[in-house]
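To convert, note that position 26 of the sequence shown is 26 in the UniProt record's numbering; the numbers rise steadily by one, no gaps.
Contents: one structure, followed by commentary.
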Amino acid sequence: MASEARGGLGAPPLQSARSLPGPAPCLKHFPLDLRTSMDGKCKEIAEELFSRSLAESELRSAPYEFPEESPIEQLEERRQRLERQISQDVKLEPDILLRAKQDFLKTDSDSDFQLYKEQGEGQGDRGLWERDVVLEREFQRVTISGEEKCGVPFTDLLDAAKSVVRALFIREKYMALSLQSFCPTTRRYLQQLAEKPLETRTYEQGPDTPVSADAPVHPPVLEQHPYEHCEPSTMPGDLGLGLRMVRGVVHVYTRREPDEHCSEVELPYPDLQEFVADVNVLMALIINGPIKSFCYRRLQYLSSKFQMHVLLNEMKELAAQKKVPHRDFYNIRKVDTHIHASSCMNQKHLLRFIKRAMKRHLEEIVHVEQGREQTLREVFESMNLTAYDLSVDTLDVHADRNTFHRFDKFNAKYNPIGESVLREIFIKTDNRVSGKYFAHIIKEVMSDLEESKYQNAELRLSIYGRSRDEWDKLARWAVMHRVHSPNVRWLVQVPRLFDVYRTKGQLANFQEMLENIFLPLFEATIHPASHPELHLFLEHVDGFDSVDDESKPENHVFNLESPLPEAWVEEDNPPYAYYLYYTFANMAMLNHLRRQRGFHTFVLRPHCGEAGPIHHLVSAFMLAENISHGLLLRKRLPCSLPIRPLQQLLLLLTHPQLGPQPPHRGPSSEPGCNQPSATPAQPGLPPKLHCGLYPPEPGVLPNLTGPPSLSPTQAPVLQYLYYLAQVGIAMSPLSNNSLFLSYHRNPLPEYLSRGLMVSLSTDDPLQFHFTKVSVRQAGGCPGAQRPPGLRGLTAGAGLCWWSAACLVVSPREGEPLMEEYSIATQVWKLSSCDMCELARNSVLMSGFSHKVKSHWLGPNYTKEGPEGNDIRRTNVPDIRVGYRHETLCQELALITQAVQSETLETIPEEAGITMSPGPQ
């Protein structure tokens, strides 16, 4: 596979040409005949979907629809009664106590009870603990018997299974190509269908640093700061290789100055033609009717099965958690897997920091305006403000109802007091003060995380691609100000703003942007001493993120006719898939080069599925290890085809009674959002279309609206694929609530119940979260010295000591991640096991090292099922982990056994798969 994806000097240049008809070129990688009845129409179907997404871009208003939750209030009384019984301190005779345990743990039979009693006698606490562990892995299961267990005919199951397996092979191919991780359980089942062993991602762990089973939960502290020594002489040597970007991808050559006599270093990267063909396959797959029905049924089955599991085993899970000493939700590891560094502080923290800077550094030169240097005093005097005038309301950085579906207003919230100059001074790394203020406030946030001990974060820093020295400036900022914490890792986000830079004349073409982003990384990998700060900084960077407003219309479709990066000179922005492909291709080359040098590799974790067209999730499924948001996995299409703006105007002119109606404030609508098809019709009027108009009566303007499309949701296939591949999804319900989707309609509880790999994250605490003022006992005489746990904090960190009450008050200590968990638990009635499962998922999704995860989750965390879980560290019962593992295995076995059961013969193309034409 690697040799076929590899590019070289002798390879013929890739021309921009139309795709050839016939089977997709990627079929040659599959060991089995996975052809289906829609193979011959993949390209046509995909192009039709892309064209429709372009036509709908101006009308798109995120028409989400969610089924209402099933009421569970009737279970509360029984739940509370059993919890009170379990929590009571029972002081009875041993036999009675064992009988009570039998009732609470739902021991299945008297023989189990007798065995438990015999093994518990005379073995002390250790014998009881070992037997408890065995019992905790036994739980009530629901099984289905019969010939057609999936509820669909075998022919539909066979076609759906082949298509799903084909999609999983596509993802596995790209994950192996870029050295990103792939779910080991899914790989094991795909291995049964493969002719050769599938590649696995190995973790770099030296033989001299094993983690024992009884190792402490906290990893050992570094003896010296990682940025302490930045000597080029101590860094790895120069490989003497040359670099050149060809057709948007960096190629590595054996000589420093590449010429016709030097050869290319063989590093694999994805072929453009094969990538486009794979996209077409997946685009055709997600709209296939029988496959959608199959995936929808499986997802509904997963939801119902989890409800049965909770009904039968909730008390066992709770009892297992209660047996674990010391461990609870507050002292298990949690990672904020999606948070931006420029807004990682809350608004009160930023306000106090600005006030302190105004009191202590008024005369410091912080800004240059039209060639004239300005001090901090002069900057605020030009705004006619003093430190006393500032307040949270004056700062105006918090999102409100006006930011809903208004990404432009949300971006303006990054400017304190509405002034971009304050954003440049306080939350930028490259400014007149070399990012000193930003570094200081980031270090205060890091101090909060270190003090909490169990909270961690992966902060996003920006690289724009406007100049070649951006990486060196960012690394110099981190090393010079020693911005580092064992609780924090970095991700680098690349905003999709080429159109802005091209309009301003900062870039000549898209390839120049790619060169500015990736060439410094290759140079630092080949010759670390040429970029010493960057080499040190990259050791703490996990990967790349792609950010921007996904709801912006895309004027191009990425295919083989799209201009290559050196030819993309127009001012229009490239589409989402274009950005992702070239980011992935260069990252794959870079990862193989870094692996050869013994350096750690990067992953791709873009923002995806928050808004915009569905094909963003298709590209991310193929190329990304994890994603952020993923709301569109639950998106429903409107009940009819879109009405063009000209048709709207004609309808309004000829039928004024069909004009826009007042927004419906029901549970399935959003303020300021066009209504979905489920909006109740007013008396005497038909149901409203998704474009905000009412359809004409039968026989009136029949050619304007086009034929109705009654197809169900497009997303069930993608959601099922994301489940089978266990693609991580970092969800931020509070962020979505202010921008695109109200909180009660967020699909996170639905994803969690079905078994998707989801976690909670904060996104932007500055905009979405509030300050929590904590008052805690300090101990000792408060006037003499700081409490032991707070000695690492610097002066001016917002701490004060009360001599009378012996308390420490930390007005700036906010915990936005705990705020996310708290609100989610209250709104969706999550159990303690649910919250601990979300926390464990966040650690598994994060980019922290294998050794660190071994301390946090247990040394066997890479194993499948309960064997990889340590409840003493995660507080997740083995029952829950075992249920998730068994359910995933059953789903994978269902599709793989169907593929193995029969060899697919040549299937004639069916006319029913064609798509109805759109409005003319």
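Cβ atoms here follow ideal geometry from the backbone N, Cα and C, with glycine treated the same way.
From a predicted model like this one, the values you see are computed outputs, not experimental measurements.
> Going by beta carbon distance, what residues of the same chain come within less than 6 Å of residue 134, once the five residues before and after it are set aside?
Replying inline: As a first step, residue 134 must be located in the sequence shown, where it is residue number 134. For residue 134, the predicted structure reports a pLDDT of 43, less than 50, and the residue's modelled location is therefore unreliable. A value from the coordinates is still provided. So the list is empty, once near-sequence residues are dropped.
>> Assuming residue 187 is part of the alpha helix (DSSP H), what are its boundary residues?
In response: If you number the sequence shown from 1, residue 187 lands on position 187. From DSSP, the alpha helix (DSSP H) with residue 187 extends over 184-191.
> For residue 836, which of 216, 577 and 332 has the nearest alpha-carbon?
Replying inline: Sequence index remark: in the sequence shown, residue 836 carries index 836 (1-based). Closest by alpha carbon: 332.
> Do you know whose CA, among 511, 153, 379 and 529, lies nearest residue 231's CA?
Replying inline: Numbered from 1 along the sequence shown, position 231 holds the residue referred to as residue 231. If we check each option's Cα against that of residue 231, 529 comes out closest.
> Helix or strand or just coil, what does DSSP make of residue 878?
Replying inline: For this step, residue 878 is matched to residue 878 along the sequence shown. Residue 878: helix per DSSP, three-state reduction.
> Would you call the segment 241-248 and the segment 551-563 in contact, with 3 or more CB pairs under 8 Å?
Replying inline: no
> With C-beta atoms as the reference, is residue 733 less than 8 Å away from residue 824?
Replying inline: Position 733 of the sequence shown holds residue 733. Position 824 of the sequence shown holds residue 824. Against a cut-off of 8 Å, the Cβ pair of residue 824 and residue 733 comes out as a contact.
>> Please classify residue 770 as buried or exposed, where buried requires at least 16 other C-beta atoms within 10 Å of its C-beta.
In response: For this step, residue 770 is matched to residue 770 along the sequence shown. Exposed is the call here.
> Which runs of the alpha helix (DSSP H), 4 residues or longer, sit entirely within the segment 371-453?
Replying inline: 376-382, 392-395, 407-412, 420-426 and 436-452
>> Cutting at 6 Å between CB atoms, please list the residues of its own chain near residue 592, excluding the five before and the five after it.
In response: Here residue 592 is taken as the residue at index 592 of the sequence shown, counted from 1. Counting only Cβ-Cβ distances below 6 Å, and skipping sequence neighbours, we find 267.
>> So, with DSSP's three-state summary, where would you put residue 180?
In response: Here the question's residue 180 lines up with position 180 in the sequence shown. In this structure, residue 180 counts as coil in the three-state DSSP scheme.
>> Which residue marks the beginning of the alpha helix (DSSP H) containing residue 308, and which one marks its end?
In response: The residue given as residue 308 occupies position 308 in the sequence shown. 289-323 is the extent of the alpha helix (DSSP H) around residue 308.
> Does the beta-carbon of residue 386 have 16 or more other beta-carbons within 10 angstroms, so that it is buried, or is it exposed?
Replying inline: As a position in the sequence shown, residue 386 is number 386, starting the count at 1. Under this definition residue 386 is an exposed residue.
> In whole angstroms, what separates the C-alpha of residue 880 from that of residue 893?
Replying inline: Within the sequence shown, numbered from 1, the residue matching residue 880 stands at position 880. Within the sequence shown, numbered from 1, the residue matching residue 893 stands at position 893. Computed Cα separation, rounded: 20 Å.
>> Going by C-alpha to C-alpha distance, which of 415, 422, 34 and 289 sits closest to residue 381?
In response: Taking the sequence shown and counting its residues from 1, one reaches residue 381 at position 381. Of 415, 422, 34 and 289, the residue nearest in Cα terms is 422.
> Near residue 276, which residues of its chain fall below 8 Å by C-beta distance, leaving aside the five closest residues on each side in sequence?
Replying inline: Locating residue 276 in the sequence shown gives position 276, counting from the first residue. Same-chain partners within the cutoff: 19, 558, 559 and 560.
>> Let me confirm a value: residue 543 is counted as buried when at least 16 other C-beta atoms fall within 10 Å, else exposed. Which label applies?
In response: Within the sequence shown, residue 543 is the residue found at index 543, counting from 1. Result: buried.
> Hey, residue 221 and residue 855: beta-carbon distance below 8 Å or not?
Replying inline: For the purposes of this step, residue 221 is identified with residue 221 of the sequence shown, where counting begins at 1. For the purposes of this step, residue 855 is identified with residue 855 of the sequence shown, where counting begins at 1. Cβ distance not < 8 Å, so residue 221 and residue 855 don't count as in contact.
>> By the DSSP assignment, the alpha helix (DSSP H) with residue 737 in it spans what residues?
In response: Counted from its first residue, the sequence shown places residue 737 at position 737. Element bounds for residue 737: 733-739.
> Relative to the alpha-carbon of residue 572, which residue among 279, 509 and 545 has its alpha-carbon at the smallest distance?
Replying inline: Counting from one through the sequence shown, the residue named residue 572 turns up at place 572. With distances taken between Cα atoms, residue 572 lies closest to 509.
> Which of the three DSSP states, helix, strand or coil, is assigned to residue 340?
Replying inline: To locate residue 340, count along the sequence shown from 1; it is residue 340. Correct three-state label for residue 340: strand.
> Of the choices 494, 457, 174 and 444, whose alpha-carbon is the least far from that of residue 482?
Replying inline: Residue 482 sits at position 482 when you count from the first residue of the sequence shown. Considering only alpha carbons, the answer is 444.
>> I'd like the span of the alpha helix (DSSP H) that includes residue 274, first residue to last.
In response: Translated into the one-based positions of the sequence shown, residue 274 becomes position 274. Residue 274 -> alpha helix (DSSP H) spans 272-285.
>> Considering Cα atoms alone, identify which of 478, 898 and 452 is closest to residue 532.
In response: The sequence position of residue 532 within the sequence shown is 532, counting from 1. Residue 532 has its Cα closest to that of 478, out of 478, 898 and 452.
> Would a C-beta distance cut-off of 8 Å place residue 264 and residue 339 closer than the cut-off?
Replying inline: Taking the sequence shown and counting its residues from 1, the one referred to as residue 264 is at position 264. Taking the sequence shown and counting its residues from 1, the one referred to as residue 339 is at position 339. Not a contact, by the Cβ cut-off of 8 Å.
> Skipping 5 residues on each side, what residues in its chain have a beta carbon closer than 8 Å to that of residue 364?
Replying inline: Residue numbering aside, residue 364 sits at position 364 when the sequence shown is read from its first letter. Taken in chain order, the residues that qualify are 375, 376 and 433.
> Per DSSP, what kind of secondary structure is residue 42 in: helix, strand or coil?
Replying inline: As a first step, residue 42 is located in the sequence shown; it is residue number 42 there, counting from the start. In this structure, residue 42 counts as helix in the three-state DSSP scheme.
> Does the distance from the CB of residue 495 to the CB of residue 462 come in under 8 Å?
Replying inline: Your numbering for residue 495 matches position 495 in the sequence shown. Your numbering for residue 462 matches position 462 in the sequence shown. Yes; because the gap between Cβ atoms is below 8 Å, this pair is in contact.
>> Please state the DSSP three-state secondary structure of residue 535.
In response: Here residue 535 is taken as the residue at index 535 of the sequence shown, counted from 1. Note: residue 535 maps to helix in three-state DSSP.
> Would a C-beta distance cut-off of 8 Å place residue 896 and residue 189 closer than the cut-off?
Replying inline: Locating residue 896 in the sequence shown gives position 896, where the first residue counts as 1. Locating residue 189 in the sequence shown gives position 189, where the first residue counts as 1. Yes, they are a contact pair.
> Looking only at C-alpha atoms, which of 388, 369, 827 and 419 sits nearest to residue 358?
Replying inline: Residue 358 sits at position 358 when you count from the first residue of the sequence shown. That would be 388, whose Cα lies nearest to the Cα of residue 358.
> Touch check for the segment 308-326 and the segment 341-356: three-plus C-beta pairs under 8 Å?
Replying inline: no
>> Can you look up residue 159 in the DSSP assignment and give me helix, strand or coil?
In response: Position 159 of the sequence shown, counted from the first residue, corresponds to residue 159. In the structure shown, residue 159 sits in a helix (DSSP, three-state: H, G or I).
> Is it true that the CB of residue 720 sits closer than 8 Å to the CB of residue 928?
Replying inline: A query on residue 928 cannot be resolved here, the shown segment of the chain reaching from 1 to 920 and no further.
>> I need the boundaries of the alpha helix (DSSP H) containing residue 985, first residue and last residue.
In response: Missing from the structure shown is residue 985; the chain here goes from 1 to 920 and no further.
> In this structure, what does DSSP give as the bridge partners for residue 730?
Replying inline: Start at 1 with the first residue of the sequence shown, and residue 730 comes out as number 730. Partner(s): 628 and 759.
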